[in-house]
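**Q** To convert a position in the sequence shown, counted from 1, into my numbering, add 53. Note that the Cβ used here is the ideal one computed from N, Cα and C, for glycine as well.
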Amino acid sequence: MFNRIFIAAAAIVLTAPLAMAGPIDSACVRSDRARGNAPLCGCIQQVANQTLSRSDQRRAARFFREPHEAQEVRMSKSDSDNAFWARYKSFASRAEAYCR
């Protein structure tokens, strides 16, 4: 009995996707620049999961639709925008290195 439960649980784990789609992945797949490159977008989402909070991910995902918004945040004098931009830059650097 225990073996059947273990095998069933292992089958579920092994067939489940490695990462659930998040806001970065969804925005990336829909973007013109990624052209639906699901593996790349999934990799970027994995890095986002490790480096950004969920709210930061949602905010960063908007940059795929509105690239000008990234420029506005980068140029902002707001302390909260500057803190977000530092986290975003760190995420982007890691994603670029990891997802080549």
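Grouping DSSP H, G and I as helix and E and B as strand, with all else coil, what is A87?
**A** It is coil, neither helix nor strand.
**Q** Look at the alpha carbon of A101 and the alpha carbon of P76, and state the distance between them as a whole number of angstroms.
**A** If I take the Cα positions, the gap works out to 9 Å.
**Q** Given a cut-off of 7 Å, decide if G95 and D78 are closer than it, judged by their beta-carbon atoms.
**A** Yes, the Cβ-Cβ distance between D78 and G95 is below 7 Å.
**Q** Note down the Cα distance separating A61 from F117, rounded to an integer number of angstroms.
**A** Reliability of the predicted coordinates at A61 is poor, the pLDDT of 39 falling under 50, and the value obtained from them is presented with this limitation in mind. Between A61 and F117, the C-alpha separation is close to 39 Å.
**Q** Starting from A145, trace the alpha helix (DSSP H) in both directions and tell me its first and last residue.
**A** Segment 132–151, the alpha helix (DSSP H) holding A145.
**Q** At the level of alpha carbons, what is the spacing between P16 and S106?
**A** In the structure displayed, the chain extends from 54 to 153; residue 16 sits before or after that span and is not available.
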